[in-house]
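Since the structure comes first, as structure tokens, the remarks are kept for the end.
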Amino acid sequence: MDKSISVMLMYLLTHLGLIFFLYPEDIIGSTDSAHWIPIVIGIIVHFVVISIYMKGLSFYPKWDIIRIYLNAGKAAAIIFLLPVTLYFFIIAILAVRAYSEIICIVFLSNTPLWSIMMLLLFVSTYLAAKGIEAIFRTGVLLAIIFLPLISMISFTSFQNINWYYSFPLFEQDFSFLTKPSYFKSFFAFAGGFLFLGFIQPVITYQRKKILLAALFLIPFFIFSVYIPILTFGEATAVTLHFPFVVVVETINISWFMFDRVTMFFLLTLITFSMLFISITLWQANRIISKCLPIIKPFYLLLAISVVIFVSCLMIPDWNSVGNLFLWNTPLRFFVLVSVPLSIYFLGLRFKRKVGHELN
């Protein structure tokens, strides 16, 4: 049964949870003008990557990427699945630690950080244990409830902007390509597309609808960066942590029954982030379960969650989180580039092999 709508919504929600928190600060910090250029480059890379990835997956209609790599040989499985698993661990650790820090700063300043991390990880682990269909059903429900709210807040955040701050529109050079913060910004692209290769054949979808979902994300990539700049100016926006969240704090909606729009905005994004963490845990568990079939997947998932929680406890402060995002850059680009390309070329080889056998 085609479930393209569910996959589209999951693709949107997992990316939105990454875009509004971390992406604006990295892009604003990478250049002092013409921010649309690094944004557009990232979006182009995003579309190229998911197009190649889904084209490669289309050669294997009933296979997930674990089976694809295992079919290619033990060496291919180790070369690609081992870094992917490590990447899942790292992004889960960073997501749990970063989002818990945000919750602690904005809502629960007197609550111990470890308890927030435990709660966030518990909910995500519970969802992952229920399986991919439960995660997707939860995603559809959250999309129905929260996507209109996110859209409303995004558009009402234009109320305090000054278009003068958008100039200059052109950059004399491309120095942002050498800035670590720009490479960190690809976290918003690299973590959210891999699940498309794990859900086959349980959940089927149409490629063009996923591209449509990616197209729908483009305004949010732009808004998340430009609204803080147009509100505060580049010189001020570059000094802010979570600049879009700060902008939301300035929004005044007279007909809204609650005083703090920020609270609902952040709670919405936190629910999206829990979906992202849960699907990341589920993917990591799928790979490890395939390698260790003698251990029940549920116990493996618990072990993964414990490792992630202990790792989060070992991160002392927010600066260390930023350093981990930076140190993770080579692995991030390895996954972003090598997985789609390898799936595509393995798919071409598989197609030729099947064609020869039929002839």
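Numbering (my numbering), first residue to last: 23 to 381. For each residue, glycine too, the CB sits at the ideal point set by N, CA and C. Just so we're clear, the structure is a prediction, and the values are computed from it rather than from any experiment.
What did DSSP end up calling residue i once you bin it into helix, strand or coil?
i      : result
Asp195 : coil
Asp86  : coil
Thr226 : strand
Asp54  : coil
Asp24  : strand
Thr133 : coil
Asp48  : helix
Ser207 : coil
Met76  : helix
Gly369 : helix
Gly213 : coil
Ile65  : helix
Ile301 : helix
Pro202 : helix
Pro338 : coil
Identify which residue in the options has its Cα closest to the Cα of residue i.
i      : options                        : result
Arg159 : Glu47, Ile172, Ile225          : Ile225
Ser137 : Tyr186, Leu303, Tyr121         : Tyr121
Leu143 : Ser197, Ile326, Tyr366         : Ile326
Ile221 : Arg89, Leu38, Phe129, Arg374   : Arg89
Ile167 : Leu303, Phe367, Pro319, Thr293 : Thr293
Ile50  : Arg229, Ala259, Asn307, Ser73  : Ala259
Thr178 : Tyr227, Phe287, Asn307         : Phe287
Ile41  : Leu130, Ser176, Ile125         : Ser176
Arg371 : Asn93, Val67, Ala150           : Asn93
Ala151 : Gln305, Leu314, Ser364         : Gln305
Please list, in chain order, all residues of the same chain as residue i whose beta carbon is under 6 Å from its beta carbon, the five residues on each side excluded.
i      : result
Met296 : Val145, Ser146
Gly161 : Leu31, Met32, Leu35, Leu297
Leu103 : Tyr91, Ile309
Thr284 : Val270, Glu271
Met76  : Arg229
Ile301 : Ile157, Phe217
Gly369 : Gly78, Phe81
Tyr45  : Ser207, Ala210, Ser246
Leu4   : The chain is shown only over 23 to 381; residue 4 falls outside these bounds and no answer can be derived.
Return the chain-ordered list of same chain residues with a C-beta closer than 8 Å to the C-beta of residue i, the five sequence neighbours on each side being excluded.
i      : result
Glu123 : Leu135, Trp340, Val343
Val357 : Pro105, Val106, Tyr109, Ala212, Leu216
Ile115 : Ile330, Ser333, Cys334, Ile337, Leu346
Leu353 : Pro105, Leu108, Tyr109, Ile112
Ser52  : Pro60, Phe198, Lys201, Ser203, Tyr204, Ser207
Asp86  : Gly219, Phe220, Ile221, Gln222, Pro223, Arg308
Beta-carbon within less than 7 Å of residue i's beta-carbon, same chain only, minus the 5 sequence neighbours each way: which residues are those?
i      : result
Tyr366 : Ile74, Lys77, Gly78
Which runs of the alpha helix (DSSP H) spanning at least 4 residues fall entirely within the region 233-283, listed in chain order? Secondary structure remark: continuous alpha helix (DSSP H) runs of at least 4 residues inside the region 233-283, in chain order: 256-259, 265-271.
Three or more C-beta pairs under 8 Å: does that hold for the region 184-202 against the region 243-256? The region 184-202 is in contact with the region 243-256.
Of all the alpha helix (DSSP H) runs that stay within the bounds of the region 96-140, which reach a length of 4 or more residues? Within the region 96-140, the runs of alpha helix (DSSP H) that reach at least 4 residues and sit entirely inside it are, in chain order, 96-128.
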